[in-house]
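Working notes, beginning with the structure itself.
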Amino acid sequence: MDYSFRDGLDFAKELDRLDTLHYLRDRFYLNEDEIYMDGNSLGLCSKDAEEALLKAFNVWRKEAIKIWGAENGRYFSFSKIIAEKLKPLINADTEEIIVMGSITTNIHQAAATFYQPTKERYKIVVDELNFPTDIYALKSIIELKGYKPEDVLTKIKSRDGRTISEEDIISRMNEDVALILLPSVLYRSAQLLDMELITSEAHKRGIIIGWDLAHSIGAVPHDFKKIDPDFAVWCSYKYLNAGPGATAGMYINKKNFHKSAGLKGWFGNKDESQFLMSHDFDQDKDANGWLLGTHNIFSMAPLDGVLNLFNEVGIENVRKKSLHITAYLMFLINTKLSKYGYSIGNPREDHRRGGHVCLEHDEAYRISLALRDNGVIPDYREPNVIRLAPAALYVSYEEVYRLVDILERIIVDRAYENYSLKRVTVL
Ligand SMILES: *Cc1c(COP(=O)(O)O)cnc(C)c1O
1 MDYSFRDGLD FAKELDRLDT LHYLRDRFYL NEDEIYMDGN SLGLCSKDAE EALLKAFNVW
61 RKEAIKIWGA ENGRYFSFSK IIAEKLKPLI NADTEEIIVM GSITTNIHQA AATFYQPTKE
121 RYKIVVDELN FPTDIYALKS IIELKGYKPE DVLTKIKSRD GRTISEEDII SRMNEDVALI
181 LLPSVLYRSA QLLDMELITS EAHKRGIIIG WDLAHSIGAV PHDFKKIDPD FAVWCSYKYL
241 NAGPGATAGM YINKKNFHKS AGLKGWFGNK DESQFLMSHD FDQDKDANGW LLGTHNIFSM
301 APLDGVLNLF NEVGIENVRK KSLHITAYLM FLINTKLSKY GYSIGNPRED HRRGGHVCLE
361 HDEAYRISLA LRDNGVIPDY REPNVIRLAP AALYVSYEEV YRLVDILERI IVDRAYENYS
421 LKRVTVL
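In UniProt numbering, the protein residues as written are 1 to 427.
Below you can see the structure in the form of structure tokens.
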């Protein structure tokens, strides 16, 4: 894509006029006096999400138990209804997608299913920069299977503390590896891994591989027909904007449908025999066989609503704006902020970066506090990273321009010096 940018507020305003997604801002609840740059941690509330939640609430209020049969059993089949709307985001079949739990529970489910260690093949490959909960979940399944995490977990080291090299991952795919779990986008540096290459190299060696899409779903389109992973998990509250703790998602490749779900529950039973109440589990024939308990309707409804918005504009267009607006932010950082000790920690090439910009500064912690007092909601990650996510659906170019002005002022005015270095709980 051609990224030619200029400094100046007028240019930012011109970019907003040219932005075909700009109109979506009206569909979100934005605070007038706040620049929200934290959509990679918790996306904003939309009118679409609100409407779907209130609708579900009213069906419960009026219909009580009959909610399960209302609208042709829509809420009883809510995972399938939403799977249909998630499908374009990852280019998978509806039957390969379920909506349940959280990333953490879904990694438990995936590892319980796919980690089948033998004497020869028992290692699990992860990366040393991964999010803690992914590792905790794997460790507990390793222990449940009677192994020791320190014997099993193999962590790919980062060469620069920010990124993981695809080459290093592939060179560790030895014959002792049973399973690989990696993030699509690294949560600190926004590095987007070459999922297709890594997946195909794993499969060449008979290794099962799954992806954690926490930082890519809703920002980066995935083509699972091409990538062909064994499984994937994601949450719905980051770029998907489905609300705090919204129900997460899981993908099971159809070639794995014959496998026995590691964790079983009655919603994983075939619909036709679920209410026969037999004690013999009759696993559903597709990804729905991995479902556990009753759908948490009110944590799913906002997702159902907000996905209409994604499908209205198309995930490819979301990605296009996301790449463009993050490139604009990087341009402004380079031209206006580098003299103040700010630097960019994410990869620059489009095919290697996700939806946020990783801004590094030795004073990142105190700057992030000063940003808050200046009407910006950033997100800080130890030891020196401010994550800035100009979410494509609701952040404007003008806001990015003003953000960079504020970042400059905080240093010029030494505003960050008014804050203590002592960490307060997140934020
Ligand atoms: C946000 C995030 C999580 C969060 O897990 P939950 O179970 O949804 O709380 C897990 N893994 C990664 C990589 C994340 O970015």
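Beta carbons: idealized from backbone N, C-alpha and C, even for Gly.
With a beta-carbon spacing of about 5 Å, M250 and I98 fall inside the 8 Å limit used to define contacts. In this structure, the straight-line span from the alpha carbon of L44 to that of L240 is close to 9 Å. The residue from S396, R162 and D230 with its alpha-carbon nearest to that of F11 is S396. Within the same chain, V59 come within 8 Å of E71 by CB-CB distance, once the 5 residues on both sides are set aside. Distances from the CB of F131 to the heavy atoms of ligand 1 include at least one below 6 Å. For E120, there is no enclosing beta strand (DSSP E), since its DSSP letter is neither H nor E. Take the alpha-carbon of N91 and the one of R409: they are about 44 Å apart. Remark: the C-beta of S102 is in contact range of ligand 1, defined as less than 6 Å to any heavy atom. Sixteen is the threshold: since fewer than 16 other Cβ atoms of the shown chains lie within 10 Å of the Cβ of W266, the residue is exposed. A301: member of the alpha helix (DSSP H) spanning I297 to V313, first to last residue. Sequence-distant partners of T104 (beyond 5 residues in either direction) whose C-beta falls short of 7 Å from its own C-beta, in its chain, are T133 and A137. When L153, A56, R414 and D212 are compared, the shortest CA-CA separation from W234 is found for D212.
Closer than 6 Å to some heavy atom of ligand 1: that does not describe the Cβ of A415.
With respect to the 7 Å criterion, A49 and G305 are classified as neighbours on the basis of their beta carbons.
Here DSSP, grouped into helix, strand and coil, assigns M173 to coil.
Taking every protein chain shown into account, the CB of T199 has 16 or more other CB atoms within 10 angstroms, so this residue is buried.
The closest heavy atom of ligand 1 lies 6 Å or more from the beta carbon of Y29.
Runs of the alpha helix (DSSP H) spanning 4 or more residues and lying entirely within the stretch 333 to 411 occur at 364 to 373, in chain order. Across the structure, L309 and M277 are spaced so that their CA atoms are roughly 39 Å apart.
The beta carbon of L186 sits closer than 6 Å to the beta carbons of L129 from its chain, once the five residues preceding and following it are set aside; these are given in chain order. R6 is classed as exposed because its beta carbon has fewer than 16 other beta carbons within 10 Å across all chains shown.
Per the C-alpha coordinates, the member of T94, L403, G268 and N311 positioned closest to H279 is G268. In terms of side-chain proximity, the C-beta atom of P183 is found nearer than 6 Å to a non-hydrogen atom of ligand 1. The C-alpha of V404 lies about 38 Å from the C-alpha of N106. Segment contact: the stretch 365 to 384 against the stretch 317 to 333, fewer than three CB-CB distances shorter than 8 Å; contact not assigned.
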